[in-house]
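What follows is a short report on a single structure.
Residue numbers (the numbering used here), protein chains in the order written: chain A, -3 to 469; chain B, -15 to 50.
Below is the structure:
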């Protein structure tokens, strides 16, 4: 029963709550029961605030009974990556450097969800500081999150707990952050939707920075419809974030189910010179998705990115290493013995980057962003791989690094375009497959519309992991 | 050209780190070479008029007005 409740589409749950047929207390309890039952294996949470969540649920129940229903997120339980500040609640970003840190401010995105009535269940697992080298070193104060489809497998990162929580049903949706793929990679690894909005659409105020010019916050959900609903609550100008852009508010649900007939989808099959090989199952999933969209009336044309994948990755890496080092320089110089190896290695790399290389990267970024934008504007959206591997066993160190290193996510952090990872099926061994949809600047509505059409036709989002029946390896 | 241990140690100390251990020197060498390889792989602009992308680059490219 509780698994059915916690995996219910958000709009359906919202309608039931709004009509009084479902109590937010019941829904929050169902999530907390699921956390109690399986999170010792998933490790999706670093901190569960059960008492506070139950109290908020009782308040929501009274408000709704009194006729003050705030909308479809009122009473819906969710969780956030632990780099989001929560006033009065520990925010440690999985780091020994911050184990006792209790902020006195709350991230704008959480305040927006609070205003919509959503109920925070707790803080989700992450790589240290929401970043790293791509390796899982097992040297942090918390065990790494596990993949609900097979708990011996990696989730993808850095929003590792967010991917595990949404796929495993320990939260109805989650928030993550993405500098080079950290929303899309755990979503891809765990078989859920991960949406990196256009740079500037969603406020990062109150989120521990990783890289000012690349960081984006966004949702992980089970469906495109859920993502549309959450993004509607998150989006909007915030003067507290200097990168926040003022654009007209969009109801991402309005055209969600218009279908794809007449749209032109640019399919990227070839990742260019130096691009990593795409696992055959993932290639087959990508082709199946393109065929489904064609069957639904879209025109699929083959296109190529304007530069090779390594050309984007070098730019992303140099900017990320440099800005991240600048953000955490004092910690690195004074307390790096408290850092895990993955973070320490990243900081050490940033320590050695020349200013000339950083500026060359930012100059080349302008060139790549313009060229990428020209490609995206020549079609309605791009369809391409997200990862080139499925989530590997967590103890397969080289494959874990390759899952992040060889992903096709960083081009759209470099360019700033909205990009979503979407499940496209499963391997014979039961691990999720994925693809990526990329839209024009601030055209998340188109990305969501294509995803909704595909999900309605393919139905992969209805599959559920049987994590509760698996044994911990 | 070889990146000597002394050069690595001098760079680390000059920029605020304590003198690295031999193991740390070895790791610094690996990471320094990785950063240098990425930096060298980025093409240089032949035009002097291509400015670095600003933090607000989406806005600069015509998206949004704020």
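The C-beta atom is built at its ideal place from N, Cα and C for all residues, glycine as well. Since this is a predicted model, take the numbers as computed values, not measurements.
>> Run through chain A and tell me which residues come within less than 8 Å of residue 18 of chain B, C-beta to C-beta.
In response: 345
> Below 8 Å, can you find three or more Cβ-Cβ pairs linking the stretch 302 to 316 of chain A to the stretch 403 to 412 of chain A?
Replying inline: yes
>> Taking 9 Å as the threshold (beta carbon to beta carbon), is residue 465 of chain A in contact with chain B?
In response: Note on residue 465 of chain A: pLDDT 42, under 50, position unreliable in the model; the coordinate value appears next. No, its Cβ sits nowhere closer than 9 Å to a Cβ of chain B.
> Which same chain residues, not among the five before or five after residue 398 of chain A, have their C-beta less than 7 Å away from its C-beta?
Replying inline: 385
> Considering only the beta carbon of each residue, do residue 259 of chain A and residue 31 of chain A sit closer than 9 Å?
Replying inline: no
>> So within the stretch -13 to 17 of chain B, which uninterrupted beta strand (DSSP E) runs reach at least 3 residues, ignoring any that extend past its ends?
In response: none
> Just the Cα atoms here: how many angstroms apart are residue 226 of chain A and residue 320 of chain A?
Replying inline: 28 Å
>> Pull the bridge partners of residue 427 of chain A from the DSSP assignment, please.
In response: The partner list for residue 427 of chain A (beta bridge, DSSP) is empty, contrary to what the question assumes.
> Unbroken beta strand (DSSP E) runs of length 3 or more, entirely within the stretch 397 to 448 of chain A: which are they?
Replying inline: 415 to 422, 428 to 434
> Using the rule of at least 16 other Cβ atoms within 10 Å of the residue's Cβ for burial, across every protein chain shown, is residue 15 of chain A buried or exposed?
Replying inline: exposed
> In or out: residue 17 of chain B buried (at least 16 other Cβ within 10 Å) or exposed?
Replying inline: exposed
> How should residue -10 of chain B be labelled, buried or exposed, when 16 other C-beta atoms within 10 angstroms of its C-beta is the threshold for buried?
Replying inline: exposed
> Apart from the five residues just before and just after residue -3 of chain A, which ones in its own chain have a Cβ nearer than 7 Å to its Cβ?
Replying inline: Note that residue -3 of chain A has pLDDT 46, beneath the 50 cutoff, so the model's placement of it is unreliable and no number is given.
>> Relative to the C-alpha of residue 20 of chain A, which candidate in A:203, A:427, A:117 has its C-alpha closest?
In response: A:117
>> So with CB distances below 8 Å, who are the chain A contacts of residue -13 of chain B?
In response: Those do not exist, as residue -13 of chain B stays about 10 Å from chain A at its closest Cβ, beyond 8 Å.
> Is there at least one Cβ from chain B nearer than 9 Å to residue 180 of chain A's Cβ?
Replying inline: no
> In terms of alpha-carbon separation, which member of A:41, A:81, A:178, A:50 lies closest to residue 23 of chain A?
Replying inline: A:50
>> Suppose you measure from the CA of residue 325 of chain A to the CA of residue 343 of chain A; what does that come to, to the nearest Å?
In response: 8 Å
> How long is the line joining the alpha carbons of residue 286 of chain A and residue 368 of chain A, rounded to whole angstroms?
Replying inline: 21 Å
> Are the beta-carbon atoms belonging to residue 153 of chain A and residue 193 of chain A less than 9 Å from one another?
Replying inline: no
> chain B partners of residue 363 of chain A, CB-CB under 7 Å?
Replying inline: 34
> Hey, residue 552 of chain A and residue 1 of chain B: beta-carbon distance below 9 Å or not?
Replying inline: Beyond the ends of chain A as shown, which are -3 and 469, falls residue 552 of chain A; an answer cannot be given.
> If the cut is a Cβ gap below 8 Å, which residues of chain B does residue 267 of chain A touch?
Replying inline: Result: empty, since nearest Cβ-Cβ is about 16 Å, beyond 8 Å.
>> So within the stretch 62 to 114 of chain A, which uninterrupted beta strand (DSSP E) runs reach at least 3 residues, ignoring any that extend past its ends?
In response: 73 to 77
> Counting along the chain, where does the beta strand (DSSP E) carrying residue 297 of chain A start and finish?
Replying inline: 295 to 299
>> Please state the DSSP three-state secondary structure of residue 32 of chain B.
In response: coil
> residue 261 of chain A lies in the beta strand (DSSP E); which residues open and close that run?
Replying inline: 260 to 264
> Of the residues A:209, A:201, A:199, A:158, which one's Cα is nearest the Cα of residue 190 of chain A?
Replying inline: A:158
>> For residue 265 of chain A, which residues in the same chain have their Cβ closer than 7 Å to its Cβ, ignoring the five residues on either side in sequence?
In response: 298
> Given 8 Å as the limit, is there contact between the stretch 138 to 152 of chain A and the stretch 200 to 217 of chain A, that is, 3 or more CB pairs closer than that?
Replying inline: no
> Span of the beta strand (DSSP E) holding residue 44 of chain A?
Replying inline: 41 to 44
> Can you tell which of A:72, A:106, A:164, A:45 has its C-alpha closest to the C-alpha of residue 57 of chain A?
Replying inline: A:72
>> Could you compute how far the alpha carbon of residue 467 of chain A sits from the alpha carbon of residue 3 of chain A?
In response: Legend: pLDDT at residue 467 of chain A = 42, less than 50; position of this residue unreliable, no value from coordinates given.
> Since residue 203 of chain A sits in a beta bridge, which residues does DSSP pair it with?
Replying inline: A:80
>> Just to make sure I have the definition right: I need the residues of chain B whose C-beta is within less than 7 Å of the C-beta of residue 313 of chain A. Which are they?
In response: 22
> Under 9 Å between C-beta atoms, does residue 6 of chain B make it to chain A?
Replying inline: no
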